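**Q** Below you will find the structure I want to go over with you.
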Amino acid sequence: MSSSASEQKFVKTNLRIPSKIPGWNLDAWKYLPKAAGSQPRGLPIIVMAHGITANKLMGLGEYAEEFAALGYGVVVFDYRRWGASDGTPRHVVYVSEQLEDYRTVVKFCRQQPEFDPQRVILWGSSFAGGHVVTLASEKELNLTAVVSQCPYLGHASISPLSLGFVKTFMKGVLDILYQAVGLGPLYMPAVAHPGGVGLMTTPGSYEGMFGILTQEGIYPNEVNASALFEFPFYNPNATGGNITCPVKLIASKQDNLCPYSRVEELARLSTQVEVHEVPGGHFELYPGMPHYEEGLAAEKDFLLKRVPPN
Numbered sequence: 001m002s003s004s005a006s007e008q009k010f011v012k013t014n015l016r017i018p019s020k021i022p023g024w025n026l027d028a029w030k031y032l033p034k035a036a037g038s039q040p041r042g043l044p045i046i047v048m049a050h051g052i053t054a055n056k057l058m059g060l061g062e063y064a065e066e067f068a069a070l071g072y073g074v075v076v077f078d079y080r081r082w083g084a085s086d087g088t089p090r091h092v093v094y095v096s097e098q099l100e101d102y103r104t105v106v107k108f109c110r111q112q113p114e115f116d117p118q119r120v121i122l123w124g125s126s127f128a129g130g131h132v133v134t135l136a137s138e139k140e141l142n143l144t145a146v147v148s149q150c151p152y153l154g155h156a157s158i159s160p161l162s163l164g165f166v167k168t169f170m171k172g173v174l175d176i177l178y179q180a181v182g183l184g185p186l187y188m189p190a191v192a193h194p195g196g197v198g199l200m201t202t203p204g205s206y207e208g209m210f211g212i213l214t215q216e217g218i219y220p221n222e223v224n225a226s227a228l229f230e231f232p233f234y235n236p237n238a239t240g241g242n243i244t245c246p247v248k249l250i251a252s253k254q255d256n257l258c259p260y261s262r263v264e265e266l267a268r269l270s271t272q273v274e275v276h277e278v279p280g281g282h283f284e285l286y287p288g289m290p291h292y293e294e295g296l297a298a299e300k301d302f303l304l305k306r307v308p309p310n
């Protein structure tokens, strides 16, 4: 969607949403369809966040514009400690915090008159794709639908044993020790070339992450080293049999960060899960990449079928 065309179809405003920690606000963008008028009421709402170490400047606005043009309300937010949201230390990954931030934004949206509290949709990509699958199993959230693209669903791809992997592992251990005595965090690159020190070092990860940047300087490529140990203990598929709403997975068959086999497993665990498979790797579903248009079309079709805006 061109900027001139999309500007005619939605209104965007900035929000600061209080998080669970007093004084720490979540920075968010709110999109409303212009066709709904100056004081819309009862819009279905899509709550969106990005993957691990990423922020909303990295392409999420393009999805939000497309969804708002269809007639949905959209709120896109950054997690605590990331992007434009508050929280220190910066660039630290805690799965529990990120899940809580989703719940916080959902609660906030349900209290706004422009949104229908009974039509709440979650959208997530990569690590956030795992978050929205996890939250889809929480009956008390009463979600209407979930869209999850290139999702992390447990058991991330492990880099081959190398000096770089050993250094990464040791740096993660040191970070735990540093934080235990109040000295941390100890940082490392979020993405690095194969054999290097970093959280994501599979082939194409470095090029893919920097390939989805919309401008320079918006991605610090930094994360606490002990984030490495969040992965083994986080398995969104573990509660897949309890999913309470329709879930659409847009998954890359050759994804070497988030294995496609986990997508197949989730589809076996729940009849609520629909899968749209695309060829290519993890980053090829994002704006400007080869399979963005196909993935976006599948997401739109799912939304219009499952939660029509009118």
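For the sequence shown, position 86 matches number 86 in the UniProt record's numbering, and the numbering has no gaps at all.
Built from N, CA and C at the ideal position, the CB exists for glycine as well.
As the structure is a computational prediction, the values presented were derived from the model and not from experiment.
#1: Whose C-beta lies closer than 8 angstroms to the C-beta of L296 among residues of the same chain, with five residues either side of it excluded?
#2: Taking 6 angstroms as the limit between beta carbons, can you name the residues of its chain near G51, skipping five residues before and five after?
#3: Within the continuous beta strand (DSSP E) that includes K30, where are the two ends?
#4: Is it right to say V93 is buried, meaning 16 or more other beta carbons lie within 10 angstroms of its own, or is it exposed?
#5: Here's a check: name, in chain order, each residue in its chain whose Cβ is nearer than 6 angstroms to the Cβ of R306, leaving out the five neighbours to either side.
#6: Taking C-beta to C-beta, are V105 and I176 nearer than 9 angstroms?
#7: Mind checking which residues open and close the alpha helix (DSSP H) that includes S261?
#8: In angstroms, rounded to a whole number, what distance separates the CA positions of R41 and V74?
#9: Could you pull out every unbroken beta strand (DSSP E) segment of at least 3 residues lying fully inside the UniProt domain "Serine aminopeptidase S33" (45-163), listed in chain order?
#10: What does the alpha-carbon distance come out to for the pair D86 and F77?
#11: Please name the residue or residues paired with I250 in a DSSP beta bridge.
#12: Contact check, G288 vs D255 under 8 angstroms by CB: the rounded distance?
#13: Can you give the Cα-Cα distance for A69 and V11, rounded to whole angstroms?
**A** Once the coordinates are examined:
#1: Y63, E66
#2: S125, S126, F127, A128
#3: 25-33
#4: buried
#5: A145, P246
#6: no
#7: 260-269
#8: 13 angstroms
#9: 73-77, 115-125, 145-149
#10: 12 angstroms
#11: Q149, H276
#12: Incorrect: roughly 18 angstroms between the Cβ atoms, too far for contact.
#13: 10 angstroms
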